[in-house]
Amino acid sequence: MDGKGHDTGDRIGGGGYRVEDYIHRDEDTFRKKFPANMSGNDVNGLDVQTKGPPQPFFWHPADRQPFGELQQAVIGHHRQAPEIAHTYSRDADRGPRPVPISDNIEQADAAEWTRRIKAFGPDNESDLIGLTPVRPEYIYEGYEISHPWLVIIGVAMDYDLLSTAPNTIEDVRAATEVADKYNQAARAARKLANYILASGYEAKTFPGPMATALNMLPAAIEAGLGELGKHGSLINRTYGSSFRLSAVSTNMPLVADARDEFGADEFCASCRVCETACPPKAIHSRKKTVRGNHKWYVDFDKCIPYFGETFGCALCLAVCPWSRPGVAPRLAEKLARREARKSAT
Ligand code: SF4
Ligand code: SF4
Numbered sequence: 124m125d126g127k128g129h130d131t132g133d134r135i136g137g138g139g140y141r142v143e144d145y146i147h148r149d150e151d152t153f154r155k156k157f158p159a160n161m162s163g164n165d166v167n168g169l170d171v172q173t174k175g176p177p178q179p180f181f182w183h184p185a186d187r188q189p190f191g192e193l194q195q196a197v198i199g200h201h202r203q204a205p206e207i208a209h210t211y212s213r214d215a216d217r218g219p220r221p222v223p224i225s226d227n228i229e230q231a232d233a234a235e236w237t238r239r240i241k242a243f244g245p246d247n248e249s250d251l252i253g254l255t256p257v258r259p260e261y262i263y264e265g266y267e268i269s270h271p272w273l274v275i276i277g278v279a280m281d282y283d284l285l286s287t288a289p290n291t292i293e294d295v296r297a298a299t300e301v302a303d304k305y306n307q308a309a310r311a312a313r314k315l316a317n318y319i320l321a322s323g324y325e326a327k328t329f330p331g332p333m334a335t336a337l338n339m340l341p342a343a344i345e346a347g348l349g350e351l352g353k354h355g356s357l358i359n360r361t362y363g364s365s366f367r368l369s370a371v372s373t374n375m376p377l378v379a380d381a382r383d384e385f386g387a388d389e390f391c392a393s394c395r396v397c398e399t400a401c402p403p404k405a406i407h408s409r410k411k412t413v414r415g416n417h418k419w420y421v422d423f424d425k426c427i428p429y430f431g432e433t434f435g436c437a438l439c440l441a442v443c444p445w446s447r448p449g450v451a452p453r454l455a456e457k458l459a460r461r462e463a464r465k466s467a468t
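Going by my numbering, the first residue of the sequence shown is number 124, and it counts up by one from there.
Encoded structure:
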């Protein structure tokens, strides 16, 4: 979705292709859709030593990024599965319509608004909420975010469904669960935005899976939703990697959360589960430099053909030990105890 309209508007794959063009495609079909002599890793800024804004990339409108044809092929392939097509359709519930901004600005200080926003989440489909100021490095080149604050929302996925990954045309339960949770995250963002608007402040939603201005992962890390894992997704201390994100920007005064560093980054350095499980071997064993940041990185060019063929793959999220229900909190505690022992000696 391009995020410009109502949240129940465009969906993944909104037009421009024929499903029959993508039936029986294999990974090579997706490889052939790469623009000539272009690597997605270059667009992502792999091995670029200087800091700079992210470039609009996959999951951006096809005419605003260089991999539009490949993206349409991936989306078209997804939509061969009726369950996925239905979950991303206009019939899916992506939340209420936006309400007008109230003329009455309700007065409260930043600490009180922060308390209210966090209290609003659990009764309104958000499982996680974190707050961070907007920073230039979260904004894709050519876009802008006019508000000073971001509320990042996390929605837990059903692990049993996630663990059926990778999908096949006969079994798309994991992909359908991903789509379903994107819809829930969109509803959660819209409900929160409406609450903010009704309180007299501006609000704009950033639902997935299509992106617009906001590069979600670095903002979510700063908002305390988790650490970046070797598989290129977040690891949260409660849900592991079994959750999806959305966001709301606002001019409501808020208090920033701190990063939550509980040992996942260090754990990844000695764990190879996702690296070994990834069929196209797209997960690097060591951190890479990406736009001046030293971080875990997944090779786009290797991942995406398999990702396309398997309706969104997600195998690396499913096999990550942190994702198994109940494991993440115990593991985080164990790592904290180990850290405390190290500091005491
Ligand atoms: S989504 Fe699949 S192909 Fe891509 S990195 Fe994860 S396991 Fe590998
Ligand atoms: S599977 Fe292991 S290495 Fe991969 S993200 Fe999870 S903890 Fe890190």
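For every residue, glycine included, the Cβ atom is placed at its ideal position computed from N, Cα and C. These figures come from a predicted structure and were not determined experimentally.
Subject >> Whole-angstrom C-beta distance between ALA288 and ALA441, which should lie under 8 Å >> reply: 5 Å
**OP:** Using DSSP bridges, identify the partner residues of ALA370.
**Re:** Paired residue(s): ILE275, PHE329.
Original post:
What is the chain-ordered set of residues for which the beta carbon lies under 5 Å from any non-hydrogen atom of ligand 2?
Top reply: GLY352, LYS353, HIS354, CYS391, CYS394, VAL396, CYS397, CYS443
Original post:
Does the beta-carbon distance from GLU345 to THR255 come in below 8 Å?
Top reply: yes
Subject >> beta strand (DSSP E) segments (min. 3 residues) lying fully within the segment 359-415 >> reply: 366-373, 411-413
Original post:
Out of curiosity, what's the CA-to-CA distance linking TRP445 and ASP383?
Top reply: 15 Å
Original post:
Beta carbon of LEU438: closer than 7 Å to some heavy atom of ligand 1?
Top reply: yes
Subject >> Inter-residue spacing [alpha-carbon to alpha-carbon] between ARG461 and TYR362 >> reply: Approximately 21 Å between the Cα atoms of the pair.
Original post:
VAL421 bridges to which residues according to DSSP?
Top reply: ILE406
**OP:** Could you round the C-beta distance between ALA309 and SER369 to whole angstroms and report it? I think they count as a contact, below 8 Å.
**Re:** 6 Å
Original post:
For ARG464, which of helix, strand or coil comes out of DSSP?
Top reply: helix
**OP:** Confirm, please, whether the CB-CB distance from ASP250 to ALA215 is below 8 Å.
**Re:** no
Original post:
Can the beta-carbon of LEU284 be found less than 8 Å from the beta-carbon of ARG296?
Top reply: yes
Original post:
Would the segment 226-245 and the segment 331-342 be scored as touching if the rule is three or more Cβ pairs under 8 Å?
Top reply: no
Original post:
Beta carbon of ILE207: closer than 7 Å to some heavy atom of ligand 1?
Top reply: ILE207 Cβ: outside cutoff for every heavy atom of ligand 1.
**OP:** Give the DSSP-derived three-state secondary structure of GLU192 in the structure shown.
**Re:** When DSSP states are grouped into helix, strand and coil, GLU192 belongs to the helix group.
**OP:** Using the DSSP secondary-structure output, state which residues sit across from ILE252 in a beta bridge.
**Re:** Answer is ILE276, bridged to ILE252.
Original post:
Where do the N-terminal and C-terminal ends of the alpha helix (DSSP H) with VAL222 fall, by residue?
Top reply: From DSSP, VAL222 is part of no alpha helix (DSSP H); its letter is neither H nor E.
Original post:
Just to confirm, does PRO402 get its C-beta within under 7 Å of one of the non-hydrogen atoms of ligand 1?
Top reply: yes
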